[in-house]
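Colleague: Questions regarding the structure given below will be posed in turn.
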Amino acid sequence: MKKIGLFFGSFNPIHIGHLILANYILENSDMNEVWFVVSPQNPFKDKKTLLNDHNRLDMVELALKNYPNIKASNVEFSLPKPSYTIDTLAYLNEKYPKYSFSLIMGEDNLKSLHKWKNADYLIKNYHIIVYPRVSEGETKASAYQNHENISLIKAPIIELSATEIRNMIKENKNVRPMLPPEVFEYLDGSSFYK
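When we follow the numbering used here, the leftmost residue of the sequence shown carries the number 1382, and every step to the right adds one.
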């Protein structure tokens, strides 16, 4: 059975931290592939800073072209909005019955997992790979962190954020080292994030 790690996000834009993390998981787990699941437009997010779905998908596809085991997925583009992880997983399980899916999330998401739709079902039925995040102040541990389906990994902590990158682009600062070269080229000639 092929093992797929699902890395959900807006990827607005995808940056080298995302690639370092996905590569680390591939090299240090039994995952055969990692899929970057590009999440669609969130009605609560500022449309001025969130590029449309297809621009973000284009950037993810460009960034991943040299990584044969890391793929872009637009699966949520055709599913009902808002997108709930549990619904996306149900769809993927039906479409790919011979694949086994795991979730990839940061420690911050694990701490708020109890608020997710069908969180108990999710944790009971899916393996979840959790990577470390730099946390702001004191935060309580997740009720789930000792669950048998949770794997806490010691991936490198990359202190990069898409928000910071967008702000730097707006201020005409050099973001080249933070982005895959193809993504930098894609953004460089555009008015995106300005």
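By construction, the Cβ of each residue, glycine as well, lies at the ideal position given by its N, Cα and C atoms.
1. Would you say Leu1546 and His1396 are within 8 Å of each other, going by their C-beta atoms?
2. Just to check my reading of the structure: Arg1437 and Val1418 have Cβ atoms closer than 8 Å, yes? What is that Cβ distance to the nearest angstrom?
3. Report the rounded CA-to-CA distance for Glu1519 versus Asp1489, giving the unit in angstroms.
4. Hey, would you say Glu1414 sits closer than 8 Å to Ile1451, going by beta carbons?
5. So Ile1467 is in the alpha helix (DSSP H); what residue range does that whole segment cover?
6. In its own chain, which residues sit with a C-beta less than 7 Å from the C-beta of Lys1479, not counting the 5 before and 5 after it?
7. Take Lys1554 as the anchor and find which of Glu1540, Pro1562 and Asp1569 has the nearest alpha-carbon.
8. Count the other CB atoms, across all protein chains shown, that sit within 10 Å of the CB of His1508; report buried if there are 16 or more and exposed otherwise.
9. Which residue from Asn1548, Val1456 and Asn1499 puts its Cα closest to that of Lys1476?
10. Let's test the definition: count the other Cβ atoms within 10 Å of the Cβ of Asn1527 and tell me whether it reaches 16, buried, or not, exposed.
11. Per DSSP, what kind of secondary structure is Asn1393 in: helix, strand or coil?
12. From what residue to what residue does the beta strand (DSSP E) around Ala1453 run?
13. Could you check what DSSP says for Lys1384 in three-state terms: helix, strand or coil?
14. What is the residue span of the alpha helix (DSSP H) that Leu1533 lies within?
15. How long is the line joining the alpha carbons of Ser1532 and Ser1483, rounded to whole angstroms?
16. Measure from the C-beta of Leu1484 to each C-beta in chain C and report whether the shortest distance is under 8 Å.
17. What's the call for Asn1393, buried or exposed, on a 16-neighbour Cβ count within 10 Å?
18. Leaving out the 5 sequence neighbours to the left and right, which residues in its chain are closer than 6 Å to Tyr1465 when beta-carbon positions are compared?
19. I'd like the list of long-range same chain contacts for Pro1561, defined as Cβ closer than 8 Å, with 5 residues on each side in sequence excluded.
20. When you compare the CB positions of Met1440 and Tyr1574, do they come within less than 8 Å of one another, or not?
Modeller: Inspection of the coordinates gives the following:
1. Counting from one through the sequence shown, the residue named residue 1546 turns up at place 165. Counting from one through the sequence shown, the residue named residue 1396 turns up at place 15. A quick correction: the sequence has Ile, not Leu, at residue 1546. Yes.
2. One-based indexing of the sequence shown puts residue 1437 at position 56. One-based indexing of the sequence shown puts residue 1418 at position 37. Arg1437 to Val1418, Cβ: 11 Å. No contact.
3. In the sequence shown, residue 1519 corresponds to position 138, counting from 1. In the sequence shown, residue 1489 corresponds to position 108, counting from 1. Below a pLDDT of 50, predicted positions are generally treated as unreliable, and Glu1519, at 43, falls in that range; no measurement from the model is reported.
4. The residue you call residue 1414 lines up with position 33 of the sequence shown. The residue you call residue 1451 lines up with position 70 of the sequence shown. Closer than 8 Å, so yes.
5. Position 86 of the sequence shown, counting from 1, holds the residue named residue 1467. For Ile1467, the uninterrupted alpha helix (DSSP H) run begins and ends at Thr1466 to Lys1476, by DSSP.
6. The residue given as residue 1479 occupies position 98 in the sequence shown. In chain order, Met1382 and Lys1383 place their CB closer than 7 Å to the CB of Lys1479, counting only its own chain and leaving out the 5 sequence neighbours on each side.
7. Translated into the one-based positions of the sequence shown, residue 1554 becomes position 173. Here the closest residue by C-alpha is Asp1569.
8. For the purposes of this step, residue 1508 is taken as the residue at position 127 of the sequence shown. With at least 16 other beta carbons inside 10 angstroms of its own, His1508 counts as buried.
9. For the purposes of this step, residue 1476 is taken as the residue at position 95 of the sequence shown. If we check each option's Cα against that of Lys1476, Val1456 comes out closest.
10. Here residue 1527 corresponds to residue number 146 of the sequence shown, with the count starting at 1. Under the 10 Å beta carbon count, Asn1527 is surrounded by fewer than 16 other beta carbons and is classified as exposed.
11. Within the sequence shown, numbered from 1, the residue matching residue 1393 stands at position 12. Looking at Asn1393 - three-state DSSP - the assignment turns out to be coil, as it is neither helix nor strand.
12. Walking along the sequence shown from the start, residue 1453 turns up at place 72. Ala1453 -> beta strand (DSSP E) spans Ile1451 to Ser1454.
13. Residue numbering aside, residue 1384 sits at position 3 when the sequence shown is read from its first letter. If DSSP states are grouped into helix, strand and coil, Lys1384 belongs with the strands.
14. Walking along the sequence shown from the start, residue 1533 turns up at place 152. Element bounds for Leu1533: not the alpha helix (DSSP H) but the beta strand (DSSP E), Ile1531 to Leu1533.
15. On the sequence shown, residue 1532 is found 151 positions in, with the first residue counted as 1. On the sequence shown, residue 1483 is found 102 positions in, with the first residue counted as 1. When rounded, the separation of the alpha-carbon atoms in Ser1532 and Ser1483 is 10 Å.
16. Any reference to chain C falls outside this structure, which holds one protein chain only.
17. Residue numbering aside, residue 1393 sits at position 12 when the sequence shown is read from its first letter. By the 10 Å Cβ count, Asn1393 comes out buried.
18. Translated into the one-based positions of the sequence shown, residue 1465 becomes position 84. Answer for Tyr1465: Lys1498, listed in chain order.
19. In the sequence shown, counting from the first residue as 1, residue 1561 sits at position 180. Contacts found: Ile1395, His1396, Ile1397, Leu1400, Leu1443 and Ala1444.
20. Counted from its first residue, the sequence shown places residue 1440 at position 59. Counted from its first residue, the sequence shown places residue 1574 at position 193. It is not a contact, given that the beta carbons lie outside the stated cut-off.
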